[in-house]
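Colleague: Residues 14 to 344 in the numbering used here are what the sequence shown lists, from first letter to last. This is the structure I want to talk about, given as C-alpha cells.
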Amino acid sequence: MSTGGTRAPLPQLTAETEFFWTSGADDTLRIQECRGCAALIHPPQPVCRYCGGYDLGPRAVSGVAVLSAFTVNHRFAIPGLAAPYVVAQVAIREDPRVRLTTNIVDVDPDDLEIGQLVEVVFAKNDDVYLPLFRPLTPTQFGEQPADEIAPQDFARHVRPPLTSVRFEERSAITGIGASRLGRRLMVNPLSLTVEACEAAVADAGLTFADIDGLSTYPGLDVAGMGEGGVTALEGALGLRPTWINGGMDTFGPGGSVIAAMMAVATGMARHVLCFRTLWESTFQELLKQGRMAHPGGLRTTSWQMPFGATWAAHTLTLNAQRHFQRYGTSR
Numbered sequence: 014m015s016t017g018g019t020r021a022p023l024p025q026l027t028a029e030t031e032f033f034w035t036s037g038a039d040d041t042l043r044i045q046e047c048r049g050c051a052a053l054i055h056p057p058q059p060v061c062r063y064c065g066g067y068d069l070g071p072r073a074v075s076g077v078a079v080l081s082a083f084t085v086n087h088r089f090a091i092p093g094l095a096a097p098y099v100v101a102q103v104a105i106r107e108d109p110r111v112r113l114t115t116n117i118v119d120v121d122p123d124d125l126e127i128g129q130l131v132e133v134v135f136a137k138n139d140d141v142y143l144p145l146f147r148p149l150t151p152t153q154f155g156e157q158p159a160d161e162i163a164p165q166d167f168a169r170h171v172r173p174p175l176t177s178v179r180f181e182e183r184s185a186i187t188g189i190g191a192s193r194l195g196r197r198l199m200v201n202p203l204s205l206t207v208e209a210c211e212a213a214v215a216d217a218g219l220t221f222a223d224i225d226g227l228s229t230y231p232g233l234d235v236a237g238m239g240e241g242g243v244t245a246l247e248g249a250l251g252l253r254p255t256w257i258n259g260g261m262d263t264f265g266p267g268g269s270v271i272a273a274m275m276a277v278a279t280g281m282a283r284h285v286l287c288f289r290t291l292w293e294s295t296f297q298e299l300l301k302q303g304r305m306a307h308p309g310g311l312r313t314t315s316w317q318m319p320f321g322a323t324w325a326a327h328t329l330t331l332n333a334q335r336h337f338q339r340y341g342t343s344r
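In C-alpha cells, the structure reads:
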C-alpha cells in the first residue's frame, strides 16, 4: 500500500460502496457477491442480475486479475495524478465478468500486453483506498475474458419491429444551422445556441412560432458540455414546446435527433428543434483563471474518474484496443 498526493475527485463513500473503497485498509480487495449463485457483482447492486437473488454482501478475493485493455493517457490529468499514466480495465480472476477500471503502476507501459496477470496494490488517498494494479513478477499470462455476448449471438437480443412502418420514413431534417466556431471564444454558450437555432429555423423556412418540440443532449451544463438544456433555450427564446427531450441517457447528440424523428412520426410534435452546444475550451480557460468552479466538487460517484478516466476517449480506446486484439481488426 502506498500513500501519495491526494487525487481529485475521490470516490464518494456511500452505504453501498464504502466497503469497496475502504477495503484496502487490510490490503484485501473485496467485491460484492451474490450468496445465492456465487456470482460477483460490480458495481454493487441491490439485486443479482444473474439469478435475481437479494442476498448480497462483500467477498474477499485474491486481488489477481487479467489485463483486458489499457491505454496510456498523455494529454489529460487530474489533481494528484500527473500525465502520462495508464488507464486500464482488468478482469477479476474469481469472476472475469467483473471488470474494474484502474491504473497500472510500477511498469513501463511499453512492456504491457493484454492478457498479463496483474495484482492489486492499494493507494491511500484521504479515507479512500484506490485499488491499483501492477504486473505479477515474473511475467505471467492468463485466459482473456470472453465477451458477454458473442458476435454471432447479437441478433438474438434484438427484437424485430412490431410493424413495417418506419419512423424515419415519416420525418425529415428540413434545416440545419451552426454558430460561430472556434476555441476559447469566451462568450456566453447560450448565445451560440441561439445563433445556431436561428440559422436552422430560417434554413427550414420556419419561424420560432412554428417550433413545438425541443430535443437535446445531454441537457445539462457540465464542464462546458452543454448550454443548460431545454429549459435554458426555452427561457431565452420564449418558446412554448408541447414535447421535449434531453438527458444523459440519450444516445448522444444523434440520439436527440432520433428522438425528434420519432416525436414527429408519432404526431407528438410537428417541428422539433434539435440543438447542442460545446464550449469546453472556454470552460477550461475560465477554470484556469479561477472564474469557474470545478464541477462536482472533490468527490464523485463515478467508477472511472478517480483513475483519471475522465473523457469518452478513454472508454472508447479501451474498447477499441480489446476489439482489435480479439478479432484482428486492423483499421
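Using N, Cα and C, we set each Cβ at its ideal position, and we do this for glycine too.
Would V285 and A276 qualify as a contact pair, given that the criterion is a beta-carbon distance under 8 Å?
Modeller: Closer than 8 Å, so yes.
Colleague: On a Cα-Cα basis, can you pick out the residue from R197, I44, A163 and Q297 that is closest to H55?
Modeller: The option with the nearest alpha carbon to H55 is I44.
Colleague: Which partner residues does Y98 have in the DSSP bridge list?
Modeller: Its beta-bridge partners are N86.
Colleague: Just grab the DSSP bridge partners of K301 for me.
Modeller: DSSP lists no partner for K301.
Colleague: When the Cα atoms are used, what is the spatial distance from A51 to Y67?
Modeller: Their Cα atoms are separated by approximately 12 Å.
Colleague: Quick one: complete beta strand (DSSP E) runs, 3+ long, within the region 143-167?
Modeller: DSSP runs (the beta strand (DSSP E)) wholly in the region 143-167: none.
Colleague: Straight-line CA distance for W316 to G218?
Modeller: Computed Cα separation, rounded: 46 Å.
Colleague: For F264, tell me which candidate among T244, S204, G65 and Y230 has the shortest Cα-Cα distance.
Modeller: Of the listed residues, the one whose Cα sits closest to F264 is Y230.
Colleague: Let's test the definition: count the other Cβ atoms within 10 Å of the Cβ of F135 and tell me whether it reaches 16, buried, or not, exposed.
Modeller: Result: buried.
Colleague: Smallest Cα separation from R283: which of A21, A306 and W256?
Modeller: Residue W256 is the option with its Cα nearest to R283.
Colleague: Quick check: what's the CA-CA separation for V103 versus A322?
Modeller: Those two C-alpha atoms are separated by around 14 Å.
Colleague: Tell whether a beta-carbon distance below 8 Å holds between E240 and T295.
Modeller: Taking 8 Å as the Cβ cut-off, E240 and T295 do not qualify as a contacting pair.
Colleague: How many Å lie between Q334 and I117 at the Cα?
Modeller: Spanning the two alpha carbons is a distance of roughly 16 Å.
Colleague: At which residue ranges does the region 260-319 contain complete alpha helix (DSSP H) runs of 4 or more residues, listed in the order of the chain?
Modeller: DSSP runs (the alpha helix (DSSP H)) wholly in the region 260-319: 265-278 and 293-301.
Colleague: Alpha helix (DSSP H) containing F337: first to last residue?
Modeller: Start and end: A325 to Y340.
Colleague: Quick one: residues in its chain with C-beta nearer than 7 Å to the C-beta of H307, no 5 flanking neighbours on either side, listed in chain order?
Modeller: Taken in chain order, the residues that qualify are L300.
Colleague: Measuring alpha carbon to alpha carbon, tell me which residue in A222, V100, Q338 and G267 is nearest F146.
Modeller: Checking every option, the nearest Cα to that of F146 belongs to V100.
Colleague: If you drop the 5 nearest sequence neighbours on each side, which residues of the same chain put their C-beta closer than 7 Å to that of F221?
Modeller: Cβ neighbours of F221 beyond the five flanking positions: V214, L250 and L252.
Colleague: Using a 10 Å radius around the Cβ and a threshold of 16 neighbouring Cβ atoms, would you call P144 buried or exposed?
Modeller: Buried, by the Cβ-count rule.
Colleague: Would you list, in sequence order, the uninterrupted alpha helix (DSSP H) runs of no fewer than 4 residues that lie entirely inside the region 196-224?
Modeller: Whole alpha helix (DSSP H) segments, 4+ residues: 202-216.
Colleague: What are the partner residues of E132, as DSSP defines its beta bridges?
Modeller: BP columns for E132 point to V77 and R147.
Colleague: Counting along the chain, where does the alpha helix (DSSP H) carrying L246 start and finish?
Modeller: L246 -> alpha helix (DSSP H) spans G242 to L250.
Colleague: What does the Cβ neighbour count give for N201, buried or exposed, with the cut at 16 atoms within 10 Å?
Modeller: Exposed.
Colleague: Spatial neighbours of E132 within its chain, please: C-beta separation below 7 Å, excluding the five flanking residues on both sides.
Modeller: So the list reads G76, V77, F146, R147 and L149, once near-sequence residues are dropped.
Colleague: So, are the CB atoms of L53 and D108 less than 8 Å apart?
Modeller: Contact flag set, yes.
Colleague: For P22, which of P92, D39 and G268 has the nearest alpha-carbon?
Modeller: Taking only the C-alpha atoms, the option nearest P22 is P92.
Colleague: Is DSSP giving P122 helix, strand or coil here?
Modeller: Looking at P122 - three-state DSSP - the assignment turns out to be helix.
Colleague: Could you spell out the range, first to last residue, of the alpha helix (DSSP H) harbouring E181?
Modeller: It is not in any alpha helix (DSSP H) - E181 carries neither H nor E in the DSSP assignment.
Colleague: I need the DSSP call for S36, collapsed to helix, strand or coil.
Modeller: Looking at S36 - three-state DSSP - the assignment turns out to be helix.
Colleague: Whose C-alpha, out of N86, P71, R72 and L80, is nearest the C-alpha of A325?
Modeller: Measuring from the Cα of A325, the nearest candidate turns out to be N86.
Colleague: Between the Cα of R304 and the Cα atoms of A236, I105, L205 and T30, which residue gives the shortest distance?
Modeller: Comparing Cα-Cα distances from R304 to each of A236, I105, L205 and T30, the minimum goes to A236.
Colleague: So which of G259, V171 and S81 has the shortest CA-CA distance to E156?
Modeller: The option with the nearest alpha carbon to E156 is S81.
Colleague: Is it the case that the Cβ atoms of A184 and M274 are separated by a distance below 8 Å?
Modeller: Position check: residue 184 holds Ser in this sequence, whereas Ala was assumed. Cβ distance < 8 Å, so S184 and M274 count as in contact.
Colleague: Alpha carbons only, please: which of Q338, R48 and E247 is nearest the one belonging to D225?
Modeller: The residue with the shortest Cα to Cα distance from D225 is E247.
Colleague: If you drop the 5 nearest sequence neighbours on each side, which residues of the same chain put their C-beta closer than 6 Å to that of M359?
Modeller: For residue 359 there is no data in the structure shown, the boundaries of the chain being 14 and 344.
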